[in-house]
Each structure stands twice: as C-alpha cells, then as structure tokens.
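Letter by letter, the sequence shown follows residues 51 to 235 of my numbering. Just so it is clear, CB atoms sit at the ideal spot from N, CA and C, and this is done for glycine as well.
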Amino acid sequence: MGLSVAKMLVEKGYYVFATYVGPEFTDKIENYEAHLVDQTKRDEVYAFINYVMSQNNHLDCLFCNAGMSIRKSFTKTTDADWDKQMEMVVNSHYIREFYPIIPAGSRILFTGSQMAVHPHATVLSYGVTKSAVCALAKNLVKEFEGTGKCNYSWICCHSLAERKTRIYQTEYLQENGNSSFCNHL
Numbered sequence: 051m052g053l054s055v056a057k058m059l060v061e062k063g064y065y066v067f068a069t070y071v072g073p074e075f076t077d078k079i080e081n082y083e084a085h086l087v088d089q090t091k092r093d094e095v096y097a098f099i100n101y102v103m104s105q106n107n108h109l110d111c112l113f114c115n116a117g118m119s120i121r122k123s124f125t126k127t128t129d130a131d132w133d134k135q136m137e138m139v140v141n142s143h144y145i146r147e148f149y150p151i152i153p154a155g156s157r158i159l160f161t162g163s164q165m166a167v168h169p170h171a172t173v174l175s176y177g178v179t180k181s182a183v184c185a186l187a188k189n190l191v192k193e194f195e196g197t198g199k200c201n202y203s204w205i206c207c208h209s210l211a212e213r214k215t216r217i218y219q220t221e222y223l224q225e226n227g228n229s230s231f232c233n234h235l
C-alpha cells in the first residue's frame, strides 16, 4: 500500500522520500528516494530524518504507514518482540522531528487497521499497536489544534475497504498541490 500511495503522489508532483525494511528495493522512479531503514533501530530512524531535513526545507505530507506483526500467541510474545513492534509502529519521532519543516495546511496521515477494533487472537500485539496509532492520531489533533500547521487523518485499511481507501487517499491528497512528501512505510 505504501508504494502505491507514493507512486500516486509522485504522479501528482510530490518529491517522495520513503523508508522500507526489505526486500531490496531496486525500482528507479523519478522524484522518489527509497531508503533502507530498520525502524526498530532509533539510530537508523534519526539518520533518515537528518538526511531528509538536509535535503528539504519542507514536508507537505507525512504518511505513517509502518506495520509489523510477529505471529505468536500473546503468551509466547517476548519483551523484545513487543518492544520492536511498538518502536516501529507507535512512535512520534517523525512528527516531532519534522515538525519545524511541516508548513500550515500540510497533512499527516496514519494507516490503521481493523485489528485495532477487532483483534485476532494470534496477533494481539499488532492490534494493540494499531489501537495506539489511532490514539496517537487523535491526540496529535488535540496537540496541534488551532495552529493551522497540520491536519491529521487516520486511514483505516483492511482487505474489504482497500479500494475505498485508495479513492479516499487520492481525493484527500489532491488538495495539497505539488511539493515534497515523506512516506514512512
């Protein structure tokens, strides 16, 4: 989903910086940079943030689309498993660090999951991370309310709504015009 949204934004004139975890991304796309970043490792996350900020003076759209699922029962999930999932999915590093270069009228988008509302027994921690993403999005609205700096959306995606979600993203993002974009895959 992240690559599809990134390609759509490139077509609309955005310059896209994206992270991915694997497999090796070899596509060559004009106005698109893919960076291998293990988002469970803060030093890699901050290296990417610093790179983007050194290359750009603004971000008009930040799409937080990271997800990680360790398929173990709750009782078999280790502390390390839990921490990796939380670090990757439920973080505000990007938003906090990019805040100075996010102009008024920009967008911060989050990809949620139906598992936040209807969890599955074998991936409990994934449902918890997606619930936390929803709470993060809602609380950021409160945090920045009235500043005119950012608008926030939480996009709920699952297989039955995939087509509707793509349409919503396309319509919603068309209003931003041409500029740069950072895709947190």
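Between residue 135 and residue 163 a beta carbon distance of about 13 Å is seen, past the 8 Å cut, so the two are scored as non-contacting.
For residue 70, the pairing in a beta bridge is given by DSSP as 86.
Collapsing the DSSP output to three states places residue 144 in a helix. Per DSSP, the continuous alpha helix (DSSP H) segment holding residue 185 begins and ends at 174 to 194.
An exposed status is given to residue 193, since fewer than 16 other beta-carbon atoms sit within 10 Å of its beta-carbon. In the three-state reduction of the DSSP assignment, residue 64 falls in the coil class, being assigned neither a helical nor a strand state.
Inclusion of residue 138 and residue 69 in the CB contact set at 7 Å is not warranted, their separation being larger than that value. At the C-beta level, residue 52 and residue 115 come within 7 Å of one another. In this structure the stretch 115 to 124 does not lie against the stretch 74 to 81, because fewer than three pairs of beta carbons, one per stretch, are closer than 8 Å.
Residue 197 and residue 125 have their C-alpha atoms spaced approximately 44 Å apart. The Cβ neighbour count for residue 180, taken over all protein chains shown within 10 Å, is at least 16; the residue is labelled buried. Judged by DSSP in its simplified three-state form, residue 80 adopts coil rather than helix or strand. Judged by DSSP secondary structure, residue 95 falls within the alpha helix (DSSP H) whose first and last residues are 92 to 105. In the three-state DSSP reduction, residue 118 falls in the coil class, being neither helix nor strand.
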